[in-house]
Amino acid sequence: MKTMKNNPIVKVYARIKKYSVIMFTLVIISIIFGNAVKAQDNVPAHRVQEYIHWYPAIKQIEMRDTWAENHKPGEWQITGMVTAKDKTVITPQADVNYAYSWFNISEEPVVINMPEYHLYYSVSIFDMNHFSQVVIAPKKAVVIRLPHQKSPIEDAHEIVLATNQGLAFARQVVVNNEAEVIELSKNITIDGKQGDKPFIVPEFTDEVKDAGDKIIQEYAMKVQNARKLFGSTYDGVGDLDRAAGVFLGQLGTEAYVVDYAQYVKDQNGEILNGQDSYEIVVPMTSLMKNDTGYWSLTLYNMEDRYLIENPQNKYVVSSYNAVADEDGIIRLRINPTGEGVNGIPTNGNTFYGVFRVYEPEMGVEFPEINKVENKSK
Numbered sequence: 408m409k410t411m412k413n414n415p416i417v418k419v420y421a422r423i424k425k426y427s428v429i430m431f432t433l434v435i436i437s438i439i440f441g442n443a444v445k446a447q448d449n450v451p452a453h454r455v456q457e458y459i460h461w462y463p464a465i466k467q468i469e470m471r472d473t474w475a476e477n478h479k480p481g482e483w484q485i486t487g488m489v490t491a492k493d494k495t496v497i498t499p500q501a502d503v504n505y506a507y508s509w510f511n512i513s514e515e516p517v518v519i520n521m522p523e524y525h526l527y528y529s530v531s532i533f534d535m536n537h538f539s540q541v542v543i544a545p546k547k548a549v550v551i552r553l554p555h556q557k558s559p560i561e562d563a564h565e566i567v568l569a570t571n572q573g574l575a576f577a578r579q580v581v582v583n584n585e586a587e588v589i590e591l592s593k594n595i596t597i598d599g600k601q602g603d604k605p606f607i608v609p610e611f612t613d614e615v616k617d618a619g620d621k622i623i624q625e626y627a628m629k630v631q632n633a634r635k636l637f638g639s640t641y642d643g644v645g646d647l648d649r650a651a652g653v654f655l656g657q658l659g660t661e662a663y664v665v666d667y668a669q670y671v672k673d674q675n676g677e678i679l680n681g682q683d684s685y686e687i688v689v690p691m692t693s694l695m696k697n698d699t700g701y702w703s704l705t706l707y708n709m710e711d712r713y714l715i716e717n718p719q720n721k722y723v724v725s726s727y728n729a730v731a732d733e734d735g736i737i738r739l740r741i742n743p744t745g746e747g748v749n750g751i752p753t754n755g756n757t758f759y760g761v762f763r764v765y766e767p768e769m770g771v772e773f774p775e776i777n778k779v780e781n782k783s784k
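Count along the sequence shown from 1, add 407, and you get the number used in the numbering used here.
This is the structure we're talking about:
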């Protein structure tokens, strides 16, 4: 008589039971893994929107903390001419001397004084939400205060912030006079007791950040001009606009102060590349509203949005140094080696350009960038 163990029916049952356990286990693993993937794909939309809202403040804090590694509130950092080695901020203007000073006005207002200068200069005040106010060529002190604080000076440019911290950002254009500008910048002062009240933003998961960053970057790369990116909600500037503005240029200011055109594609709708040649014909009128302003074109590496390293250390051409051709037309030339009058080298890098107009006419018509025969090949 056969034992139960050797019974064929029992053996089949045991085999079925074994494979059922294996299959059940695989199903459970599949469900768990599938839910994990689904959870990553379904990032809460309201959290992504909150992240986009706070993105400018997050980037302000990152810039402030980097600056604070070597400086104290109320102290000025003077850059001199910005080069490709400078990684303080993305998309910097290359023909100016910058002066940075982070401040905390939770205790009392601060007062800024700037020396007079015969070329373009200004002081911009950014709050922690990246809203800015600008004074062009200030002839008197600039007072920065909170709404409940009184100005310590009667006759001053008063700037009232909604946050207890911010960035004072002075700029002086440099035209073959860097030494003179550096000496002048040593006389920029910021006085007032620095507070220590923190500025706090919400925390976000990596999944929320990744989802928000993707939306911001995709939106930013579609921008043709920056008039909607920098300004207040009263100007119709939304959260995504402000976030895209910070992504493209963290120290960008409102269009009535500086207007910007971003060049990413040529006249044929093709992405700009570092192997081809391009030209921009600058209009002779209808750019600046007064003699205080000027225009400039600067190129940036698309990969990291900093200035493009090149043997000539040339990154910009402006109305201060541009030379007209024999026909009287100013042509800006962009090619791998920077060949030609008003040439700027790409050094073979995929790039984008920013055309800035300081003290712009209302609704500036920016010149186009056109692909031309590549003479440097």
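In this text, a Cβ means the ideal position worked out from N, Cα and C, and glycines have one as well.
Scanning Glu746, Gly735, Tyr528 and Glu661 for the CA closest to the CA of Asp683 turns up Glu746.
Taking a cut-off of 8 Å on C-beta distances, the stretch 481 to 490 touches the stretch 590 to 609, as three or more cross pairs fall below it. By the CB criterion at 9 Å, Ala575 and Phe510 fall inside the cutoff. Under a 10 Å Cβ-count criterion, Pro516 is classified as buried, with 16 or more other Cβ atoms of the shown protein chains found around its own Cβ. Taking 9 Å as the cut-off, the Cβ atoms of Ile512 and Ala577 do not count as close. In the DSSP assignment, Arg738 falls within the beta strand (DSSP E) that extends over Ile737 to Asn742.
Distance from Gln674 to Glu775 at the Cβ level is roughly 6 Å; contact confirmed, criterion being Cβ atoms closer than 8 Å.
With contacts defined by Cβ atoms closer than 9 Å, Val615 and Val450 form a contacting pair. Between Gly676 and Lys778, the alpha-carbon positions lie close to 10 Å from each other. Annotation: the continuous alpha helix (DSSP H) that includes Glu457 extends over Ala452 to Trp474. The Cβ atoms of Arg740 and Tyr701 lie no closer than 9 Å to each other. For Ile623, the enclosing alpha helix (DSSP H) covers residues Asp613 to Ala627.
Assignment of Asp711 by DSSP, reduced to helix, strand and coil, places it in the coil class.
Under a 10 Å Cβ-count criterion, Met470 is classified as buried, with 16 or more other Cβ atoms of the shown protein chains found around its own Cβ. Nearest to His525 by alpha-carbon distance, out of His537, Leu591, Ala475 and Gly638, is Leu591.
When DSSP reads this structure, Phe538 sits in no beta bridge, so it has no partner.
Taken atom to atom, the span from the alpha-carbon of Gln500 to that of Thr660 is near 12 Å. Taken in chain order, the whole beta strand (DSSP E) runs of length 3 or more contained in the stretch 468 to 527 are 484 to 488, 503 to 511 and 517 to 520. In the displayed model, Asp648 falls within a helix according to three-state DSSP. The bridge partners DSSP lists for Phe533 are Ser539 and Leu574. Taking each of Thr699, Thr498, Glu585 and Val588 in turn and checking the Cα distance to Tyr667, the smallest one comes out for Thr498.
According to the DSSP assignment, Glu590 belongs to the alpha helix (DSSP H) that extends over Glu585 to Ser592.
Here Gln624 is not near Asn536, since their CB atoms are 9 Å or more apart. Going by C-alpha positions, Gly681 is about 18 Å away from Val724.
Inter-residue distance for Leu714 and Val671 is about 15 Å (C-alpha atoms, whole angstroms). Here the C-alpha atom of Gly750 lies approximately 11 Å from the C-alpha atom of Gln719. Ranked by Cα distance from Glu585, the options Tyr462, Tyr505, Gly652 and Gly760 are led by Tyr505.
Spatial neighbours of Ser529 in its own chain (CB-CB distance under 6 Å, excluding positions within 5 residues in sequence) are listed in chain order as Val541, Ile543 and Arg578. Scanning the stretch 636 to 707 for uninterrupted beta strand (DSSP E) segments of 3 residues or longer gives 665 to 670 and 684 to 689, listed from N- to C-terminal end. When DSSP states are grouped into helix, strand and coil, Pro752 belongs to the strand group. In this structure, the alpha-carbon of Leu694 lies about 41 Å from that of Arg454. Taking a C-beta distance under 9 Å as the contact criterion, Leu647 and Ile459 qualify as a contact pair. Taking the C-beta atoms as reference points, Trp474 is found no nearer than 9 Å to Tyr527.
Residue burial annotation: Pro522 is exposed, with fewer than 16 other C-beta atoms found within 10 angstroms of its C-beta.
In the same chain as Lys494, and ignoring 5 residues on each side of it, the C-beta atoms closer than 8 Å to its own belong to Tyr713, in chain order.
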